[in-house]
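Going down the list, the sequences are from chains E and X.
Position one of the first sequence corresponds to residue 388 (the working numbering), numbered consecutively onward.
Position one of the second sequence corresponds to residue 27 (the working numbering), numbered consecutively onward.
Note sheet for the following structure.
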Amino acid sequence: MSKNTRSADFRKVDVDELDEEKFIDEPEVSQDDDDTDVISKRESEVKSLTLGGRNLDALKVSLTDPPVYSKDESAKKRNFDIVLDVLTRFRQSEVEEAVKKLDSEQVDILMKYIYRGFAEPTENSCGILLVWHQHAVAVGGIGSIIRVMTSRKTV
Amino acid sequence: MTEVHEIVTGPITCHCWNGNRTKFAMSPSNTEVHIYAKKGSKWEVEHVLREHGSRVTGMDWAKKSDNLVTCGADRNAYVWNFKDGHWKPSLVILRINRAATIVKWSPEENKFAVGSGARIISICYFDKDNDWWVSKHIKKPLRSTISCLDWHPGNYLLAIGSSDFKCRVFSTYVKEIEEKPKETVWGKKMPFGALMGEFSNGGGGWVHGVSFSPSGDKLAWVGHDSSVSVLSKVGGQENTAIIKHKFLPYLTCKFLSENSLVTAGYDCYPVLWNHDDNNQLTFMNRLDQKEKKITGHLSAMEKFKGLDKRATTGGSSDTTLDTTHQNAISQISVFAVDGSGNASKFCTTGVDGRLVIWDCR
Chain E
388 MSKNTRSADF RKVDVDELDE EKFIDEPEVS QDDDDTDVIS KRESEVKSLT
438 LGGRNLDALK VSLTDPPVYS KDESAKKRNF DIVLDVLTRF RQSEVEEAVK
488 KLDSEQVDIL MKYIYRGFAE PTENSCGILL VWHQHAVAVG GIGSIIRVMT
538 SRKTV
Chain X
27 MTEVHEIVTG PITCHCWNGN RTKFAMSPSN TEVHIYAKKG SKWEVEHVLR
77 EHGSRVTGMD WAKKSDNLVT CGADRNAYVW NFKDGHWKPS LVILRINRAA
127 TIVKWSPEEN KFAVGSGARI ISICYFDKDN DWWVSKHIKK PLRSTISCLD
177 WHPGNYLLAI GSSDFKCRVF STYVKEIEEK PKETVWGKKM PFGALMGEFS
227 NGGGGWVHGV SFSPSGDKLA WVGHDSSVSV LSKVGGQENT AIIKHKFLPY
277 LTCKFLSENS LVTAGYDCYP VLWNHDDNNQ LTFMNRLDQK EKKITGHLSA
327 MEKFKGLDKR ATTGGSSDTT LDTTHQNAIS QISVFAVDGS GNASKFCTTG
377 VDGRLVIWDC R
């Protein structure tokens with residue numbers, strides 16, 4: 388077999404980027420500057436609520452307005468850390484009651500965070516996340532899992 | 027009573043009924059179209075139409091003119107005419123460079139719409155001078171594959187569901203063959219290709235099925251994000267009811283009456299929804315009631331045999347679902363209409379190769 392002497396760099400070209408008819412997601416309303424402020428505020432509010440023992444309220448605050456439109460990965464990571472922290476503070480027996488008090492939109496957002504938590508496991512998160520998942524599915528059904536998979540607005 | 031017919035062992039890609047419901051056409055997930063006629067209580071193949079070069083993706087049978095139109099992944103559509111005992115195809119030049127995905131005759135049967143992966147809708151009508159079917163394109167502002175479409179009863183408007191998560195209504199007024207359209211709740215000016223409305227349920231999910239209500243004042247669509255949406259333009263007021271439900275996504279939806287919607291999909295059973303005059307969309311019931319399997323008494327011998335073979339002590343196979351359809355339902359068609367124009371029976375086909383006719387209740 389003769390040696391391939393010609394350049395094979397063409398194989399590294401990303402043809403999808405060059406496609407004129409490429410599907411572009413709708414321009415999202417990204418408030419990059421406000422994001423960090425909002426998240427910091429949320430962080431402190433959640434902290435005070437958890438210290439006060441009001442885990443359910445802390446959960447509700449952490450789930451409001453997730454930074455789905457943000458292009459800033461670090462902002463999303465910070466928000467995720469806040470939510471994960473709240474989720475791990477619940478005892479197994481308290482989870483069911485907490486999920487029942489959330490509305491359907493909040494359950495969908497919670498599901499998104501649960502799956503993000505599964506994707507980035509830590510030592511003490513997996514066990515409690517599975518309990519959260521079990522109860523979130525009991526309330527939101529399989530449809531809530533489908534919405535996590537199909538939604539282009541990721542947390 | 028539901029009528030269950032096991033037609034083929036593989037998936038039925040698409041099906042359509044003729045005007046008097048004595049025959050139906052379907053494609054068994056290949057390049058052929060099979061025409062079935064009733065022999066006694068069973069349906070048997072009467073004709074096999076072989077013309078498409080690739081998988082047949084959509085078909086529709088015109089009630090009055092008895093013409094059959096089929097479209098396929100080979101970027102072609104054929105209009106079939108039954109004459110002297112056999113079906114004769116006429117090629118329709120769609121001018122698309124991707125597969126066709128769906129085709130439907132308009133209510134007056136003077137034109138048909140073909141959706142495709144080329145992000146184009148081809149509206150085809152018969153050109154008498156040249157004795158062939160010609161197509162006109164609707165391109166803007168479609169941004170992705172068209173997955174489903176439905177005609178408005180007025181013969182001018184077309185609803186399109188596509189994989190860019192949106193549902194749109196276009197005007198298909200072809201001045202060569204028809205009169206100027208009258209104003210409807212969807213708008214006044216209707217030049218060919220005009221976008222009358224673009225709707226989304228706020229989420230992200232391919233639109234799998236779209237349906238106009240019998241009056242044309244309401245539009246329903248189902249998405250892959252497990253949602254059912256109904257847009258009502260009744261009385262000139264625009265109201266959207268969206269339900270993000272708990273079940274697996276639906277693949278198809280159809281209005282049975284002004285207030286009743288049936289959907290079906292990956293859960294393998296049809297579900298009835300009610301959309302009332304206050305724009306409330308509610309789940310009514312699932313049409314396929316779970317059947318309790320009568321297992322009977324197993325002898326000790328059978329139990330251990332089962333344990334050995336299948337690692338279960340159950341007598342019957344537990345790979346069968348407890349629903350009538352054994353796999354996803356991919357299409358719903360109206361089978362019978364009662365005096366007031368509402369559907370009294372509908373038919374479903376699916377990936378399990380079964381055709382089931384249901385009573386609407």
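C-beta: ideal position from N, C-alpha, C; glycine also.
Keep in mind that this is a model prediction, so the values were computed, not measured.
Beta carbon of I128 of chain X nearer than 8 Å to that of T198 of chain X: Against the second sequence, residue 128 of chain X aligns to sequence position 102. Against the second sequence, residue 198 of chain X aligns to sequence position 172. Their beta carbons are not under 8 Å apart, which means I128 of chain X does not touch T198 of chain X by this criterion.
Where the segment 452-475 of chain E meets chain X: residues whose CB sits under 8 Å from a CB there: none
Identity of the residue in X:W158, X:D190 and X:I172 nearest L184 of chain X by Cα: For the purposes of this step, residue 184 of chain X is taken as residue 158 along the second sequence, with counting starting at 1. Of the listed residues, the one whose Cα sits closest to L184 of chain X is X:I172.
Closest residue to I268 of chain X among X:G242, X:T308 and X:K214 (Cα-Cα distance): For this step, residue 268 of chain X is matched to residue 242 along the second sequence. Considering only alpha carbons, the answer is X:T308.
Proximity below 8 Å, CB of I38 of chain X to CB of T375 of chain X: In the second sequence, the residue the question calls residue 38 of chain X occupies position 12. In the second sequence, the residue the question calls residue 375 of chain X occupies position 349. Contact: yes.
K114 of chain X vs R145 of chain X beta-carbon contact at 8 Å: Position 88 of the second sequence, counted from the start, is the residue given in the question as residue 114 of chain X. Position 119 of the second sequence, counted from the start, is the residue given in the question as residue 145 of chain X. Not a contact, by the Cβ cut-off of 8 Å.
First and last residue of the uninterrupted alpha helix (DSSP H) at Q493 of chain E: In the first sequence, counting from the first residue as 1, residue 493 of chain E sits at position 106. Element bounds for Q493 of chain E: S491 to A506.
Where the segment 510-538 of chain E meets chain X: residues whose CB sits under 8 Å from a CB there: Cβ contacts with chain X come from G527, G528, I529, G530, S531, I533, R534, T537 and S538.
Under 8 Å between C-beta atoms of V200 of chain X and F218 of chain X: Your numbering for residue 200 of chain X matches position 174 in the second sequence. Your numbering for residue 218 of chain X matches position 192 in the second sequence. Between V200 of chain X and F218 of chain X, the C-beta spacing is below 8 Å.
Cβ contact (3+ pairs, closer than 8 Å) linking the segment 511-518 of chain E and the segment 476-485 of chain E: yes
K540 of chain E at chain X interface by Cβ criterion, 8 Å: Taking the first sequence and counting its residues from 1, one reaches residue 540 of chain E at position 153. Answer yes: the Cβ-Cβ gap between K540 of chain E and chain X drops below 8 Å somewhere.
Whether E135 of chain X touches S188 of chain X by CB criterion (8 Å): On the second sequence, residue 135 of chain X is found 109 positions in, with the first residue counted as 1. On the second sequence, residue 188 of chain X is found 162 positions in, with the first residue counted as 1. Their beta carbons are not under 8 Å apart, which means E135 of chain X does not touch S188 of chain X by this criterion.
Residue span of the alpha helix (DSSP H) that contains S538 of chain E, given as start and end: Residue numbering aside, residue 538 of chain E sits at position 151 when the first sequence is read from its first letter. Note, S538 of chain E: premise wrong, no alpha helix (DSSP H); not H, not E.
Positions along the segment 266-281 of chain X whose CB lies within less than 7 Å of some CB in chain E: Using a CB distance below 7 Å, the part of the segment 266-281 of chain X facing chain E consists of K270, H271, K272, F273, L274 and P275, ordered along the chain.
Three-way DSSP call (helix, strand, coil) for R81 of chain X in this model: Within the second sequence, residue 81 of chain X is the residue found at index 55, counting from 1. The answer is coil: DSSP assigns R81 of chain X none of H, G, I, E or B.
Cross-strand partners of T171 of chain X (DSSP beta bridge): On the second sequence, position 145 is the one that residue 171 of chain X refers to. In DSSP, T171 of chain X forms no bridge with anything.
Alpha carbon of R121 of chain X to alpha carbon of K68 of chain X, nearest angstrom: Taking the second sequence and counting its residues from 1, the one referred to as residue 121 of chain X is at position 95. Taking the second sequence and counting its residues from 1, the one referred to as residue 68 of chain X is at position 42. Across the structure, R121 of chain X and K68 of chain X are spaced so that their CA atoms are roughly 40 Å apart.
Any chain E beta carbon closer than 8 Å to G231 of chain X: Position 205 of the second sequence, counted from the start, is the residue given in the question as residue 231 of chain X. True, the Cβ-Cβ gap to chain E drops below 8 Å.
Alpha-carbon spacing of D401 of chain E relative to S170 of chain X, whole angstroms: On the first sequence, position 14 is the one that residue 401 of chain E refers to. On the second sequence, position 144 is the one that residue 170 of chain X refers to. Whole-angstrom Cα-Cα distance: 20 Å.
Under 8 Å between C-beta atoms of V425 of chain E and K540 of chain E: Taking the first sequence and counting its residues from 1, the one referred to as residue 425 of chain E is at position 38. Taking the first sequence and counting its residues from 1, the one referred to as residue 540 of chain E is at position 153. Not a contact, by the Cβ cut-off of 8 Å.
DSSP-derived helix/strand/coil call for N123 of chain X: As a first step, residue 123 of chain X must be located in the second sequence, where it is residue number 97. Three-state result, N123 of chain X: coil.
Supposed contact pair S252 of chain X and H271 of chain X - C-beta distance, whole angstroms, cut 8 Å: For the purposes of this step, residue 271 of chain X is taken as the residue at position 245 of the second sequence. For the purposes of this step, residue 252 of chain X is taken as the residue at position 226 of the second sequence. Contact holds; Cβ gap of about 6 Å.
Proximity to R81 of chain X [Cα-Cα], best of X:R101, X:Y62, X:G66 and X:N300: In the second sequence, counting from the first residue as 1, residue 81 of chain X sits at position 55. Comparing Cα positions, the closest option is X:R101.
Short Cβ contact (8 Å threshold) for D86 of chain X with W159 of chain X: Counting from one through the second sequence, the residue named residue 86 of chain X turns up at place 60. Counting from one through the second sequence, the residue named residue 159 of chain X turns up at place 133. No.
Cα-Cα separation between M216 of chain X and P207 of chain X, rounded to whole angstroms: Here residue 216 of chain X is taken as the residue at index 190 of the second sequence, counted from 1. Here residue 207 of chain X is taken as the residue at index 181 of the second sequence, counted from 1. Whole-angstrom Cα-Cα distance: 7 Å.
Residue environment, Q357 of chain X, which counts as buried when at least 16 other CB atoms sit within 10 Å: By one-based count along the second sequence, residue 357 of chain X stands at place 331. Q357 of chain X comes out buried.
Candidates X:Q352, X:G84, X:D176 and X:C373, of which the one nearest M27 of chain X by Cα: For the purposes of this step, residue 27 of chain X is taken as the residue at position 1 of the second sequence. M27 of chain X has its Cα closest to that of X:C373, out of X:Q352, X:G84, X:D176 and X:C373.
Distance between G141 of chain X and K192 of chain X (C-alpha atoms, nearest Å): Numbered from 1 along the second sequence, position 166 holds the residue referred to as residue 192 of chain X. Numbered from 1 along the second sequence, position 115 holds the residue referred to as residue 141 of chain X. Each residue's alpha carbon lies about 14 Å from the other.
CB contact check: D251 of chain X to chain E, cutoff 8 Å: In the second sequence, counting from the first residue as 1, residue 251 of chain X sits at position 225. For D251 of chain X, the answer is yes, since a Cβ of chain E falls inside 8 Å of its Cβ.
Contact between the segment 327-337 of chain X and the segment 246-266 of chain X (3+ Cβ pairs under 8 Å): For the pair of segments examined, the segment 327-337 of chain X was found not to touch the segment 246-266 of chain X: the number of CB pairs separated by less than 8 Å stays below three.
Rounded straight-line distance, which links the Cα of L117 of chain X to that of I496 of chain E: By 1-based counting over the first sequence, the position of residue 496 of chain E is 109. By 1-based counting over the second sequence, the position of residue 117 of chain X is 91. About 50 Å.
Supposed contact pair V260 of chain X and M222 of chain X - C-beta distance, whole angstroms, cut 8 Å: Translated into positions along the second sequence, residue 222 of chain X becomes position 196. Translated into positions along the second sequence, residue 260 of chain X becomes position 234. M222 of chain X to V260 of chain X, Cβ: 16 Å. No contact.
Within 7 Å of chain E by C-beta, residues of the segment 169-184 of chain X in sequence order: R169 and S170
Residues near D364 of chain X by beta carbon distance below 8 Å, same chain, minus five either side: On the second sequence, position 338 is the one that residue 364 of chain X refers to. These residues qualify, in order along the chain: S370.
Close-in-space but distant-in-sequence residues of the same chain around G229 of chain X (CB under 8 Å, 5 per side omitted): On the second sequence, residue 229 of chain X is found 203 positions in, with the first residue counted as 1. If you ignore the 5 residues before and after G229 of chain X, its C-beta comes within less than 8 Å of the C-beta of F191, G249, D251, S253 and K270, all in its own chain and listed in chain order.
Same chain, Cβ closer than 7 Å to A445 of chain E, five either side skipped, listed in chain order: Counted from its first residue, the first sequence places residue 445 of chain E at position 58. Here the set comprises V433, L436, T437 and V473.
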